[in-house]
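**Q** When you read off a place in the sequence shown, starting at 1, and then add 174, the result is the number in the working numbering.
Here a beta-carbon is modelled for each residue, glycine too, at the ideal position from N, C-alpha and C.
Just so we're clear, the structure is a prediction, and the values are computed from it rather than from any experiment.
Structure below; questions to follow.
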Amino acid sequence: MASWMDTLIKVNKIYEKNYQQEYAELQQKHNRLQQEVLELQNRANSYAKKLSSIMNPINLQFAYNQSLEIKKYIVELQKQTMDCKTECEKILEKLKEKMQNRVLIEGMKEKKEKQEAAEEQAKEEALLVELSRQVV
């Protein structure tokens, strides 16, 4: 009976480790995407400044088109960042659930061990009572 609980605890620990690793990887991706968003926003701001200083209509149109493309890319990166954040939160919830399961399993295991110890003690006491009756 105890071996399946031990196995379940080991499996939970493996899952927990995997979820933590996956969460860390997604967190790194999230941070990287945020950094890209900042860099692209800086580029967009730079293009906007150049736009205001350029008077040539051809250059103005090119810079404007580039700015629009960058803004589209920024929106896509922000979406990916939010998706990554959502995924991180899901993994965090799974980790919390696994931790709760492990605590419950360990609690059940402790309770069973205490119950077995109490039963063993009761058997020993019954045996002592029986032996004392036989002696008397």
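#1: With distances taken Cα to Cα, identify the nearest neighbour of Leu266 among Ala198, Ile248 and Ser306.
#2: Give the C-beta separation of Leu182 and Glu261 to the nearest angstrom, bearing in mind that I take them to be a contact with Cβ-Cβ under 8 Å.
#3: Alpha carbons only, please: which of Ile279, Lys285 and Ala300 is nearest the one belonging to Val185?
#4: Would the beta-carbon of Arg217 fall within 7 Å of that of Ile244?
#5: Which full runs of the beta strand (DSSP E) of 3+ residues lie inside the segment 219-284, going along the chain?
#6: Evaluate the contact criterion for the segment 269-284 versus the segment 190-197: three or more CB pairs, one atom per stretch, below 8 Å.
#7: Quick one: Cα of Ser241 to Cα of Lys259, how far?
#8: Apart from the five residues just before and just after Glu210, which ones in its own chain have a Cβ nearer than 6 Å to its Cβ?
#9: Among Asn275, Glu293 and Tyr247, which has the Cα closest to the Cα of Gln208?
#10: Hey, Lys285 and Met179: beta-carbon distance below 7 Å or not?
**A** Answer, in terms of the structure:
#1: Selected option, being the one with the closest Cα: Ala198.
#2: That pair is no contact at about 26 Å.
#3: In terms of Cα proximity to Val185, the closest of Ile279, Lys285 and Ala300 is Ile279.
#4: Cβ distance < 7 Å, so Arg217 and Ile244 count as in contact.
#5: Runs of the beta strand (DSSP E) inside the segment 219-284: none found.
#6: Judged by Cβ distances under 8 Å, the segment 269-284 makes contact with the segment 190-197, as three or more pairs qualify.
#7: About 26 Å.
#8: Leu251.
#9: Minimum Cα distance to Gln208 is reached at Tyr247.
#10: No, Cβ-Cβ distance for Lys285 and Met179 is not below 7 Å.
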